[in-house]
Ligand code: ADP
Ligand code: MG
């Protein structure tokens, strides 16, 4: 994929569920760019449209209008070879690593399958698999073991390795710490923030939790009822939130030491 100043361009994006008079519009004309090598954080309460946006970025949902361009290629318009190229170039890291890892496959098989879905061959790709397990700080022999033998945090490390093993141009991370125990969340955040710098990842990092988004994002966009109400560099947004809704989200974040311990809650409903 060519070097572009913006890895992702989102223009006037509208997404609806359903059709005809039953259609419900979820995203209301979103426009944003993500520069190559940067992380855009998306924050908003449950139901604000974050996962809808994520699915549209990876091409699982089609927008009712507007465009998403990744590496200069229109996600909706891409066909044939371009489409399969995009599928490799844009990887989603799932929220729940347990349901995303096949319990019958070893970790090695899961990673080999990510490299080559048609001919998952652990032996052939062993060197690369071991290297990635090392990168996410998992012991090399975990390649012979099964998902249930690992903790939630370890499985999420594997899911991260699987998402990155093809060196994707763009990574979409949707609530990747939300299913984890509080004590493990910080560990996974630390891993992601190291990897994004080491690998120069372009990432869209989504969470309902502002404190989590803050740790890994260069810029933050605040999504409220399907609209971006504020989008600014991370430090600016935290120092001087402009929108009332951003202030509400901020006040719902338990102060120091940075990582929220709250389950998914609605700051608006709470007030
Ligand atoms: P978030 O990820 O921010 O919690 P979602 O994008 O999952 O929000 O959902 C946004 C809105 O779209 C919610 O009101 C949700 O109920 C609705 N929604 C999500 N998926 C579907 C679907 N498949 N069909 C109809 N409505 C949906
Ligand atoms: Mg969601």
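In the numbering used here, the protein residues as written are 42 to 312.
All residues carry an ideal CB built from backbone N, CA and C; glycine is no exception.
Could you tell me whether the Cβ atoms of residue i and residue j are closer together than 8 Å?
i           : j           : result
residue 272 : residue 84  : no
residue 94  : residue 68  : yes
residue 213 : residue 245 : yes
residue 51  : residue 71  : yes
residue 134 : residue 153 : no
residue 177 : residue 232 : yes
residue 195 : residue 217 : no
residue 129 : residue 205 : no
residue 291 : residue 264 : no
residue 143 : residue 151 : yes
residue 286 : residue 270 : yes
residue 241 : residue 78  : yes
residue 254 : residue 234 : no
residue 56  : residue 104 : yes
residue 119 : residue 127 : yes
Can you have a look at residue i and say buried or exposed, based on whether 16 or more other CB atoms are within 10 angstroms of its CB?
i           : result
residue 239 : exposed
residue 267 : buried
residue 288 : exposed
residue 215 : buried
residue 21  : Any property of residue 21 remains undetermined from this structure, which presents the chain solely from 42 to 312.
residue 243 : buried
residue 166 : buried
residue 124 : exposed
residue 282 : buried
residue 209 : buried
residue 80  : buried
residue 115 : exposed
residue 109 : buried
residue 274 : exposed
residue 140 : exposed
residue 172 : exposed
residue 294 : buried
residue 277 : exposed
residue 237 : buried
residue 86  : buried
residue 183 : buried
With DSSP collapsed to three states, give me the class of residue i.
i           : result
residue 62  : helix
residue 47  : strand
residue 266 : coil
residue 115 : strand
residue 110 : strand
residue 77  : coil
residue 103 : coil
residue 94  : helix
residue 86  : coil
residue 121 : helix
residue 304 : With a pLDDT of only 39 at residue 304, under the threshold of 50, the placement of this residue in the model should not be trusted; the figure read from the coordinates follows. In this structure, residue 304 counts as coil in the three-state DSSP scheme.
residue 311 : Model confidence at residue 311 stands at a pLDDT of 39, short of 50, so the residue's coordinates are unreliable and nothing is read from them.
residue 283 : coil
residue 68  : strand
residue 252 : helix
residue 132 : strand
residue 257 : helix
residue 54  : strand
Report back the beta-carbon spacing between residue i and residue j to the nearest angstrom; my notes put them in contact at under 8 Å.
i           : j           : result
residue 211 : residue 111 : 6 Å
residue 107 : residue 174 : At roughly 39 Å, the Cβ-Cβ gap does not stay under 8 Å, so residue 107 and residue 174 are not in contact.
residue 163 : residue 179 : That pair is no contact at about 15 Å.
residue 193 : residue 220 : 7 Å
residue 203 : residue 155 : 5 Å
- Which runs of the beta strand (DSSP E) fall wholly inside the stretch 141-173 and span at least 3 residues, in chain order? none
- Message: If we require 4 or more residues per run, which alpha helix (DSSP H) segments fall completely within the stretch 178-237?
- Response: 193-205
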